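Per my numbering, the very first residue in the sequence shown carries number 4; after that it's consecutive. Even glycine gets a Cβ: it sits at the ideal position worked out from N, Cα and C. If you're wondering where the values come from, they're calculated on a predicted model, not measured in any experiment. One structure is given below, encoded as structure tokens.
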Amino acid sequence: MQIRDIVNLIEKEKAENILLLCHHNADPDAICSAFAFSSLLNRLKPNLKIEISAAQGPSKLSKHLLRNLPMNLVEEPNFDEADAIVLLDTNTIQQLNDWTERVKASKAPLIVIDHHASHPETEKLAALCIAEEKASSTCEIIYGFFKELEMELTESEAQALFLGIAFDTRHFVLANSYTFKAVAELLDHGVNAEKSLSMLSLPMDSSERVARLKASRRMKIMKINEWIVALTHVSSYQASAARALIGLGAHVAIVAGEQGESLRISLRATKDFYEKTGIHLGRDIAKPLGEYFHGMGGGHTVAAGVNGTGDVEMALKKCWKLLRIKIKSTQN
């Protein structure tokens, strides 16, 4: 039982202070899984002191959700006091930005809970690594912990898990049979689906609209076999622009952007593209790109991101070259 392994490690270390960390610009799956997991630990061990932090803060949408969750984020986590560190929805410590070296230097055991493919470097550092690629989200894994313990959820725990799952599955477009079973059970715990789903939608501000339009205007359309690939660049809202290009008709969208010396790339694909090619954007494209651009990359089958250093033109050329090679390899 995975949750028992975590509890046993905490007991072995005689841990009193637990630090839960989420990746930079933490999305709703990261934030909601951290909330539900901290609540579960506190119910198991009421004397634990738990801090939750997100590198460089939560995303805009996550900030919106935090108004409805009884949860506080600590801006500056106390690494020196931590008896155990848990990474949630974060499969590589590079996603912690300025905290990366603090985690490496800490003597506290590292626990990783994530639904992405485990990263070799993180596996070496971790005392315990729970990586379930078949799970739709980290919230789905946390829900599994409650099930293992046969523990009834509170309404706030159930709503947080529902929100995280709904966000990472794109409102259940990417859900599997287990996901739907979990969601049905969460609804039985008092979650209002209509109200909760509405919380995941924020009005689009004018700057995001302009970014999407600029991305469309600058777009280059490439084609290989039956697949249409859109490549473009904007200085912000890369993920939003990539989603928009998929909505316009691209099978794969690659959007790069520079801010100072930092390079960001967002990648999106249709489910049909993944099912027919088997190309996993996070593992096959984003991960090697992150290494190439001296940063990190990863993500899901049809949604991934890269952070590193480099220029936009080189980034788009490298993305296209790698994607073309991967597509051609599926024909052999």
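Environment of residue i [buried if 16+ CB atoms lie within 10 Å]
i    : result
G167 : buried
E2   : For residue 2 there is no data in the structure shown, the boundaries of the chain being 4 and 335.
H303 : buried
M202 : buried
D32  : buried
A57  : buried
D314 : exposed
N50  : exposed
K223 : exposed
L205 : exposed
N94  : buried
P61  : buried
Residue i to residue j span [Cα, whole Å]
i    : j    : result
Q97  : T172 : 24 Å
C25  : Y240 : 20 Å
G147 : N45  : 17 Å
A29  : G301 : 14 Å
F3   : R105 : Limits of the chain in this structure are 4 at one end and 335 at the other, which puts residue 3 out of reach.
I9   : L131 : 8 Å
L292 : V258 : 13 Å
E160 : A85  : 24 Å
Q162 : M317 : 43 Å
K324 : E136 : 26 Å
N310 : R267 : 5 Å
Residue i - partner residues in DSSP beta bridges
i    : result
E54  : L22
I224 : A233
A29  : P61
What beta strand (DSSP E) runs, 3 residues minimum, are completely inside the stretch 249-320? 255-262, 265-272, 299-302 and 306-312
Quiz prompt | Any 3 or more C-beta pairs closer than 8 Å across the stretch 71-88 and the stretch 179-192 | solution = no
My parser needs the alpha helix (DSSP H) runs of 4 or more residues fully inside the stretch 111-148; what are they? 123-128
Checklist line | In chain order, each beta strand (DSSP E) run of at least 3 residues that lies wholly inside the stretch 78-117 | finding: Taking 3 residues as the shortest admissible run, the stretch 78-117 contains the following complete beta strand (DSSP E) segments, listed from N- to C-terminal end: 87-91 and 113-117.
contact_flag[the stretch 222-232, the stretch 188-196] where n(CB pairs < 8 Å) is 3 or more: Touching, no.
How about the stretch 112-127 and the stretch 75-83: do they share at least three Cβ pairs that are nearer than 8 Å?
-> no
query = Taking one C-beta from the stretch 243-258 and one from the stretch 202-216 each time, how about it: are there three or more such pairs within less than 8 Å?
reply = yes
Is the stretch 319-333 close to the stretch 283-299, with three or more CB pairs under 8 Å?
Yes, the stretch 319-333 is in contact with the stretch 283-299.
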